[in-house]
Structures are given as C-alpha cells and as structure tokens.
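Residue numbers (our numbering), protein chains in the order written: chain C, 693 to 1120; chain U, 252 to 352.
In structure tokens form, the structure reads like this:
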C-alpha cells in the first residue's frame, strides 16, 4: 500500500466527540473520513438532555454558535423530591445564565445533523449508513478499519463509537460494560405548543427549565429528568441496571408510572408522545475511565472513553465529548509520528478534562446510597407536611416532630452515618 | 399518542424504524435462557422485547423495535445465564432512526 491511499484520520462514530474531532481536523486541512452507522449523524443518538456550551463555544466560535439549533437556554434549575403523598420542588433561577447561556436543552437528531453539516463544510468526508466491523492491526499497531468488507487505512483511528464502544473493546483497552458502571436511560419526547411550555414553567421566549426528580424510581438508584424544548418536553428516567434486574417491575412500567405521577402529569397534560428512546449512560465518573485510552494508531474519545460527570445537580457528557474531540485533533497537530498522538492526547486530556472529573470522583459512591431514592425524598415531604398541615389538633413541637420524622424513616444512626459518608466522599 | 399510560407497542409505534425483517442483530440461545433463574432481560429491556408467556414457557425475543441501547447484553451477562450469544447493531442504517433524540 502506498502512502497516497492513507488518510490522516478515520473517525468511527458521528456523535459530538467524533464530529468535533472531524471539524477541527478538516478545518486545518487534514484528510479525514468519519464513518457513522446511522443514515444521518444523530440518528442513533439520544440525550436527556441539555448541553453545557463552553466547549462548543471554543470549537465553533460565537458566530457559528449563534446558528446552532438549540431548543431553549436553561435559566431555571429545579429539583423535585417525590413521595407517595406529596412532592417538594426547589426552583432556582440564575439571572447570570441569561446573558451568555451556560446550557441549552437540545435534541440530538437535529443537533448532530447540523454539526455534521459544519464538519462537511470544513472539508471532512462523512460516510453514513455504514458500520465499522473491525480494526486492522499490523505488528501491534492499529493501521485501519474494515467496513462492509472494505479496508481503509489511516495514520490514526479515532474511536468515537459511544458508550458500548466495540472499537475500544476490540483494541483491548476496555472490557465490556458491567451493570455497576452504567445507568439505563429511557425518554419520551412529548409535544406541547411553545406557549404552553413557556406558561407552565414560567418562562420567557427562548428560556428553558431543567428539572430532576428523586423518589420516582421505586427505590432503585437513579432519578427522573425533564427538559423543556422549544415545543416539546423531554421526560425520562435513568436507573441502575443491576437493581432493576433484582426487582419485578419492568423499566417501561416504571417510566409510565413516573409519567402519570401527580407531581409530573400536570406538566405534560394535553401533550402528545412523539418518540420513545433508550440509551446507556456512564455512571462512574472519573473511576469509570479506562486506565489507557490509546494504542499506537488509535485513540478513544467521548462516551467510549467514559467522559461523563453525574453529580445529581449537573450531568455532563456532551461538553466533555466535544472537549475530547478537540483534544485529539490538537494532539494530531502536535505529534510528529502517529505513535506520539496517544501520549499527546493524554496530556491534553489531563489538562482539560481530568481535573474536573477528579473533583467529582466521590459523587457516584454518594449517589449509590439506597436511602437517597426513597427515604430522603419522603423525609423532605414529611417535614413539609408538618410545616403546612393544619387540622385543628394540638401540633407537636418542631424539634420533636422533626426527630420523629427522621426516626420513622431512616433512624438517627443512618442519618448521621449517611451525613458522615456524604462529607467524606465529597471532600476526598 | 396523547399523554397517558401507554403500552410499549404504542410507544414504539411513535418511533421511526428502518426494519431489517430478515436478520436479527441480537441472537439468544433458548436452551441457555431456559436454565436462567433470574431472567433480567424481561424487566430491563426498555422496549420489552424479551417476553415469556408464563413461568414454564420459553423466553422469546423480537429484534424489531430494538432501541439498540445494550441494556439486555449487560444484564444478561452480569445477572443472567449469558443466553445472549450475539449482540451487535443492525447493519446498513437499519434499526431505530431517532427524529428527536
């Protein structure tokens, strides 16, 4: 094989990580081919979801960013704690999110297709509807891919093939996923007129709300989410597959019960379900990143590399995916030989992504506490009930009432021990 | 579909699929599944594509309607009897095609 047939890079997967890499490389004149198994980029992808915009801004610049097909700029952050008898919502509006929005709700089928268009305009070749079957290895080095029986060669193969990443597995960089390292997410997209979305959530034009729910998973580790799109809502659940397997209720039933709960249904009423989606989510944060993310001739980026942060209040994957796509492109510019790409990529990752992920490395353990998903939301609601209920009888004094609520739900010992675990896992 | 409790068939009916009627991208070995005590696929598959009529009948799988998430593979291989003997994606742009995502 002569060098003319060899591309600068082949990218496997047209999600945000792969597209970010394709965009930067193509813009710098590199010969790059991106292979996507869907009939269009975005077609196989799903988010909750919202995207934090910082890395996209540095990828595209403010002018292109202004054209991006976002849904709504998220200015309201809400958390709803649900019990059988009530629900309590914290509603926080951050006025500083209004100027330069820090995050937008987004629908991936639309968004990824748009970004693919930008990568193509920059000169990337995007091939869709084709699955990469395997990597080609020669003398311990990854040199190309096989797709529908045809061989293609490149200096570097970029595995951006998502959470299930069979490329990273085939390269021996990762084992198959286990049920403790991922969550399974399901989502319904529910159409509602734009003005109904705005009025139900108290939003002005273009503004959006993001809401997380706890206490809606039948005690299984996980939670619910709701994001306002322009004229639809994205409503879903993420649960731990292991705990899901150890009980009798189908995930589909959990989702339907969640949707019909009195805390949720009034927000959706009159809407129309137009899509039902499911996807796996990396849940381990820093500890879920494989020990090595490259081999000679191959690097792993995005979800395939485990770049997801879930700390309950904020859930990040797409912004990290874009960051990692940019990091590999930069590494390709810096490297003299293909063997140098991996180590230089790691340097960039260590600088841009790992420090943030390390800060949050204790959270997955904290969020695994089973009492977070049933007892604590119930305590919150019981306390609210005590504060607001009046039935004419002589009420308990406040300290006694609070003590009783804690005692009846988890016991003082569990509360103290959870508090201590919380402090230690967040400080480490 | 109006917002209400929906059967999974109705939910999947909202989706766009390019069906590959002939080839299943996931293959189960019914003999292995018959010996599986836990059968986690029955509750974990978001599209409820693994079904069993009663406790004594065999597990059936229908690849049409698959959302390609990978949950069945993980629960089967971690908590089941490893009856899923092949798990891949549908070929040639077949399968789920999200319009919203």
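From the three backbone atoms N, C-alpha and C, an ideal C-beta is built for every residue, glycine too.
{"Query": "Cα separation between residue 749 of chain C and residue 286 of chain U?", "Result": "53 Å"}
{"Query": "Would you call the region 1028 to 1048 of chain C in contact with the region 973 to 992 of chain C, where contact means no fewer than 3 C-beta pairs closer than 8 Å?", "Result": "yes"}
{"Query": "Given that residue 933 of chain C touches chain U, what residues does it touch there, using C-beta distances under 7 Å?", "Result": "295, 322, 325 and 326"}
{"Query": "State buried or exposed for residue 1119 of chain C, treating a residue as buried only when at least 16 other CB atoms are found within 10 Å of its CB.", "Result": "exposed"}
{"Query": "Span of the beta strand (DSSP E) holding residue 847 of chain C?", "Result": "842 to 851"}
{"Query": "Quick one: does residue 895 of chain C have its CB under 7 Å from some CB of chain U?", "Result": "no"}
{"Query": "Using a Cβ cut-off of 7 Å (strictly closer), state whether residue 776 of chain C contacts chain U.", "Result": "no"}
{"Query": "So if I threshold CB-CB distances at 7 Å, which residues from the region 278 to 294 of chain U count as touching chain C?", "Result": "289, 291 and 294"}
{"Query": "Residues bridged to residue 990 of chain C by DSSP?", "Result": "C:849 and C:987"}
{"Query": "Would you call residue 1010 of chain C buried or exposed, if buried means 16 or more other Cβ atoms sit within 10 Å of its Cβ?", "Result": "buried"}
{"Query": "Residue 1087 of chain C: buried (16+ other C-beta within 10 angstroms of its C-beta) or exposed?", "Result": "exposed"}
{"Query": "Going by beta-carbon coordinates alone, are residue 658 of chain C and residue 1056 of chain C separated by less than 7 Å?", "Result": "This structure gives no information on residue 658 of chain C, because the portion of chain C shown stretches from 693 to 1120."}
{"Query": "Around the Cβ of residue 777 of chain C, are there at least 16 other Cβ atoms within 10 angstroms (buried) or fewer (exposed)?", "Result": "exposed"}
{"Query": "Would you say residue 256 of chain U faces chain D, with C-beta separation under 7 Å as the test?", "Result": "Absence of chain D from the displayed structure is noted, the protein chains being C and U."}
{"Query": "Quick one, which of C:810, C:967 and C:827 has its alpha-carbon nearest residue 753 of chain C's?", "Result": "C:810"}
{"Query": "Since residue 904 of chain C is in the alpha helix (DSSP H), which residue starts that stretch and which ends it?", "Result": "No alpha helix (DSSP H) contains residue 904 of chain C, which is instead part of the beta strand (DSSP E) from 899 to 906."}
{"Query": "Starting from residue 800 of chain C, find everything on chain U with Cβ-Cβ shorter than 9 Å and list it in chain order.", "Result": "349, 351 and 352"}
{"Query": "Roughly how many angstroms separate the alpha carbons of residue 953 of chain C and residue 254 of chain U, rounded to a whole number?", "Result": "12 Å"}
{"Query": "Cutting at 6 Å between CB atoms, please list the residues of its own chain near residue 1069 of chain C, excluding the five before and the five after it.", "Result": "773, 774, 775, 906 and 907"}
{"Query": "Say yes only if the C-beta of residue 260 of chain U is nearer than 6 Å to one or more non-hydrogen atoms of the ligand GDP, and no if none qualify.", "Result": "With respect to the ligand GDP, the structure shown offers nothing to examine, as it has no ligands at all."}
{"Query": "Rounded C-beta distance between residue 314 of chain U and residue 275 of chain U? I'm assuming under 8 Å.", "Result": "4 Å"}
{"Query": "Assign residue 836 of chain C to buried or exposed, taking buried as 16 or more other Cβ atoms, counted over all protein chains shown, within 10 Å of its Cβ.", "Result": "buried"}
{"Query": "Look at the alpha carbon of residue 792 of chain C and the alpha carbon of residue 765 of chain C, and state the distance between them as a whole number of angstroms.", "Result": "9 Å"}
{"Query": "Beta carbon of residue 1075 of chain C, beta carbon of residue 1097 of chain C: below 7 Å?", "Result": "yes"}
{"Query": "Closer than 7 Å, CB to CB, is residue 1034 of chain C near chain U or not?", "Result": "no"}
{"Query": "Going by DSSP, which residues form a beta bridge with residue 917 of chain C?", "Result": "C:904 and C:928"}
{"Query": "Suppose you measure from the CA of residue 964 of chain C to the CA of residue 767 of chain C; what does that come to, to the nearest Å?", "Result": "25 Å"}
{"Query": "Counting only beta-carbon atoms, is residue 262 of chain U nearer than 7 Å to chain C?", "Result": "yes"}
{"Query": "Check the C-beta distance from residue 1017 of chain C over to residue 994 of chain C and give it rounded, since I have them as a contact under 8 Å.", "Result": "7 Å"}
{"Query": "Within 10 Å of its beta-carbon, does residue 796 of chain C have 16 or more other beta-carbons around it, so buried, or fewer, so exposed?", "Result": "buried"}
{"Query": "In the DSSP output, what is residue 838 of chain C paired with across the bridge?", "Result": "C:826 and C:843"}
{"Query": "Is the beta carbon of residue 725 of chain C closer than 7 Å to that of residue 702 of chain C?", "Result": "yes"}
{"Query": "Answer with yes or no whether the minimum CB distance from residue 259 of chain U to chain C is below 7 Å.", "Result": "yes"}
{"Query": "At least one CB of chain C closer than 7 Å to the CB of residue 265 of chain U: is that the case?", "Result": "yes"}
{"Query": "Please name the residue in C:736, C:769, C:826 and C:744 whose C-alpha comes closest to that of residue 341 of chain U.", "Result": "C:736"}
{"Query": "Would you call the CB atoms of residue 263 of chain U and residue 316 of chain U closer than 7 Å?", "Result": "yes"}
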